[in-house]
Amino acid sequence: MKKTNNVKKSKTKIWVVKDKEKDIYWPSKEMKKKANISDEKIYEEALKDPIAFWAKMAEEGLYWFKKWDKTYEENPPFFKWFIGGKINASYNCLDRHIKAGKGQKTALIWVPEPTEEKERFLTYEELYKEVNKFANVLKSLGVKKGDRVGIYLPMIPEVQIAMLACARIGAIHSVVFSAFSGESLKARLIDANAKVLITANSYYRRGKALPLKQNADIGVEGTNVEKVVVVKRADIDTSMKEGRDFWWHELMKNAKDYCEPEQVESEDLLFILYTSGTTGKPKGIVHETGGYLTQAYWTSKWTFDMQDDDIFWCTADIGWVTGHTYACYGPFLTATTLLIYEGAPDYPDWGRFWSIIEKYKVTIFYTAPTAIRMFAKMGEEWPAKYDLSSLRLLATVGEPINHEAWMWYFKNIGRERCPITDTWWQTETGATLINALPGIGPFIPTVAGRPFPGVNMKIVDEQGKEINWENEEGGYLIQKSPFAPGMLRGVWGDMERYKQQYFSEFGPNVYFTSDGAKYYDKNNIRVTGRVDDTMKVAGHRLSTGELEDAITSHKNVTECAVVPIPHEIKGQTPIAFVVLKDAQPSEDIKKEIVAKVVEKIGPTAKPEQIYFVNELPKTRSGKIMRRVLKSLLLNEDLGNIMTLQNPESVEQLKKLFSQK
Ligand code: PRX
């Protein structure tokens, strides 16, 4: 591997210093000087009057066609921000930067997976043109304000173009992760009642061109999608349905390159993003425009410290909220240069990420603990081959980060020069809400940090009473009103679920995150993980219900229970317990069950292990006791099992495990 050492060592700056006494870190003088914000007073000031704070932020950070009449209104659990304000997301991401003379600045660097293929650079001017043209294409396909557009695209520039084009005309995008199966795409297209789908014929993964359009065809069947736009990503055979399917490049050929941005109400929806809930059916989290953009802008400015000379790389796929906020809206709102990469981290080898950082001089790098653990396992010799001195800030997201992974990242990627900001947030919160700010710190391994200025996050006990910071047991992470502007406004088509899921545990005035947490000190919060039936597998959010539904769709499965257990790399991994009918346990049935999961959800959800059992342990009311299964798997004390309807089921399970 050739080393192109083109960043002079003497210029390497130190952005972080270790505390003299504790295992924590602080911004260096250099970082404090450079950072967009470095005065701690902001926390106190913002919380004195969060509504006034966010009004100031919205005004300073965004361009409004018309200012709002009222900043905030709530009728818990419902709330609104910037009522009467008129705005457009794509105008804020593009037009205003061009008007400010930044048209020639690189907006997007796209790195394709095949190493022989050239990268693409798009300036703000070029991105603007593409977005305008595609907005006109959408209009010509009959898409109007408020219509839902499905986007099933990999990490290629067309995905950001498509999202911003939807935003330009006031259509609501619903992006579906391209590694999700056709069936899961279908469920989401039906739920959102999408009328157009934008997809690609293929994308590259580990050197292979995968046939994405085939999945899209399954997804569209039986939905109300009338038109499908297909990006030609690879030269492979692609079946196109006459009258329904159109090539992106053909539609773009004659599209006009200006489309007037729709002046939408601040509370008009910008997007729907499906995520796993506690039941099998994924829920469509809805985000509105003005509040979401305000928070995307300021978290990009303050948490990621995006500045004019930064190259920001967020490795998250666009199919997740992290991709929406930090691989699209946030960087563009702040006129930053965003880098995206199409492929796998190990293609052609485990040095790929580091070679990208070296080549494009990435300054801010954002990834998931699960990726860090994987890299650590592959060995420090991979990053050691590359010059990573362009980096000045590292960040993580998606799950709690363990101490070892934090230290590995700090040493081998940051070379002990860069702070790590651990960003806690959710699909529902729209932007990061708990993290250390680079110019303020401290950076504490395994601790997410402090609630973002103007956001009222607390930890409460079972009764909803706020706990003292010295309480070592911890409790539940909640948010108090006034709710942050970027928070979800509902669940698409199911407001009852919105109320039940988020605002019932501690009453309608309190947003419940479903996460457990404890204080590290007076200010800083350590998030310990989900307290519901949701798991995080390699950073992907999955619910036990969703997996159980997929498994029980196999014709020989009567019943099943899925339990997450800790996993060295992935954080958590699902284990399935299956009761069969009219069939004997066999390796073939195991394979068929795994295939069902891949068909219904996608490969990310594959169970690590399947156990066939005669019965599942149940309470007298018939509820499956996943807790007992988990304790058995982890060899823990089973607790009181006398209340079970069928304690003998536990004996069979014990026998099963003793044979392992
Ligand atoms: O349990 C928390 C965990 O991820 C959940 C949200 O998942 P999702 O909606 O897929 O969004 C992930 C990306 C924003 C949370 O309820 N989580 C996320 N970030 C962290 C985290 N847990 C600990 N530390 C984090 N930094």
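Heads up: the sequence shown at position 646 corresponds to 1005 in the numbering used here, and the numbers run straight through without jumps. Just so it is clear, CB atoms sit at the ideal spot from N, CA and C, and this is done for glycine as well.
Between residue i and residue j, is the Cβ-Cβ spacing less than 7 Å?
i, j, result
"Thr-597", "Leu-548", "no"
"Ile-884", "His-913", "no"
"Thr-788", "Thr-782", "no"
"Tyr-745", "Glu-701", "no"
"Ala-876", "Ile-960", "no"
"Leu-512", "Ala-559", "yes"
"Met-611", "Lys-492", "yes"
"Lys-377", "Glu-389", "no"
"Ser-902", "Thr-911", "no"
"Lys-750", "Phe-724", "Reading off the sequence shown, one finds Leu at residue 750, where the question assumed Lys. Yes; because the gap between Cβ atoms is below 7 Å, this pair is in contact."
"Tyr-402", "Pro-812", "yes"
"Val-916", "Val-937", "yes"
"Ala-1032", "Ser-561", "No answer is possible for residue 1032: it lies beyond the span of the chain, which begins at 360 and ends at 1019."
"Met-514", "Ile-699", "yes"
"Phe-862", "Pro-436", "yes"
"Val-721", "Ile-670", "yes"
"Leu-500", "Val-555", "yes"
On a CA-only basis, which of the options is nearest residue i? Give me that one, please.
i, options, result
"Leu-836", "Glu-821, Val-850 and Pro-844", "Glu-821"
"Leu-993", "Ser-1017, Lys-977, Ser-499 and Gly-981", "Ser-1017"
"Val-502", "Ser-449, Gln-519 and Ala-526", "Ala-526"
"Ile-677", "Asp-664, Leu-697, Phe-663 and Phe-438", "Leu-697"
"Pro-704", "Thr-729, Ala-686, Thr-722 and Leu-652", "Thr-729"
"Tyr-617", "Ser-543, Glu-485, Glu-433 and Arg-732", "Glu-485"
"Thr-963", "Lys-929, Phe-734, Ala-935 and Ile-983", "Lys-929"
"Glu-918", "Ile-969, Glu-855, Lys-498 and Asp-604", "Ile-969"
"Ile-557", "Leu-569, Phe-536, Phe-712 and Asp-550", "Phe-536"
"Met-846", "Ser-863, Thr-872 and Gly-833", "Thr-872"
"Asn-1005", "Ile-983, Gly-998 and Asp-996", "Ile-983"
"Asn-613", "Ala-494, Gly-529 and Ala-593", "Ala-494"
"Ile-793", "Gly-757, Ile-383 and Tyr-768", "Gly-757"
"Ile-383", "Ala-694, Cys-777, Asp-550 and Gln-622", "Cys-777"
"Lys-415", "Trp-657, Glu-542 and Lys-400", "Trp-657"
"Asp-853", "Gly-636, Pro-471 and Trp-607", "Gly-636"
"Gly-509", "Phe-734, Gln-622, Phe-630 and Glu-855", "Phe-630"
"Lys-977", "Glu-1007, His-608, Gly-710 and Trp-851", "Glu-1007"
"Val-987", "Glu-967, Pro-966, Lys-1013 and Phe-971", "Lys-1013"
"Ala-411", "Pro-742, Trp-427 and Ile-396", "Trp-427"
"Arg-507", "Lys-391, Ile-528 and Ile-520", "Ile-528"
Can you give me the C-alpha to C-alpha distance between residue i and residue j, rounded to a whole angstrom?
i, j, result
"Glu-829", "Ile-446", "44 Å"
"Thr-1002", "Arg-979", "7 Å"
"Gly-773", "Pro-473", "27 Å"
"Pro-620", "Pro-933", "45 Å"
"Ser-990", "Ile-948", "26 Å"
"Thr-363", "Asp-627", "Confidence is the limiting factor: at Thr-363 the pLDDT is only 45, short of 50, which leaves the residue's position unreliable, though a coordinate-based value still follows. Spanning the two alpha carbons is a distance of roughly 48 Å."
"Met-321", "Ala-655", "Outside the modelled stretch of the chain, which goes from 360 to 1019, sits residue 321, for which no answer is possible."
"Leu-453", "Leu-975", "56 Å"
"Val-806", "Ile-818", "14 Å"
"Met-360", "Tyr-706", "Low confidence applies to Met-360: its pLDDT is 42, below 50, so where it sits in the model is not reliable, and the reading given next is rough at best. Their Cα atoms are separated by approximately 14 Å."
"Trp-679", "Ile-826", "32 Å"
"Pro-759", "Glu-740", "25 Å"
"Asn-999", "Gln-859", "29 Å"
"Trp-374", "Tyr-878", "26 Å"
"Trp-385", "Lys-881", "17 Å"
"Ala-448", "Val-579", "28 Å"
"Glu-418", "Phe-441", "10 Å"
"Val-589", "Ile-457", "29 Å"
"Ile-595", "Pro-516", "19 Å"
"Asp-1020", "Met-766", "Residue 1020 is absent from the model: the chain starts at 360 and stops at 1019."
"Glu-647", "Gly-602", "33 Å"
Check the DSSP bridge columns for residue i and list the partner residues they point to.
i, result
"Gly-509", "Ser-533 and Leu-556"
"Asn-794", "Arg-809"
"Phe-493", "Looking at the DSSP assignment, Phe-493 forms no beta bridge with any residue, so it has no partner."
"Pro-925", "Gln-931"
"Asp-594", "Bridge partners of Asp-594: none, in fact."
"Leu-753", "Phe-724 and Ile-779"
"Leu-569", "Tyr-562"
"Val-987", "In the DSSP output, where bridge partners are listed per residue, Val-987 has none listed."
Report back the beta-carbon spacing between residue i and residue j to the nearest angstrom; my notes put them in contact at under 8 Å.
i, j, result
"Asp-664", "Leu-752", "6 Å"
"Pro-797", "Ala-405", "The Cβ separation is near 17 Å, so there is no contact."
"Arg-732", "Ala-764", "5 Å"
"Tyr-450", "Tyr-483", "So it is not a contact: roughly 12 Å between Cβ atoms."
"Glu-958", "Ser-540", "6 Å"
"Lys-591", "Trp-607", "7 Å"
For residue i and chain B, any beta-carbon pair shorter than 7 Å?
i, result
"Leu-406", "Among the protein chains of the structure shown there is no chain B, as only one such chain exists."
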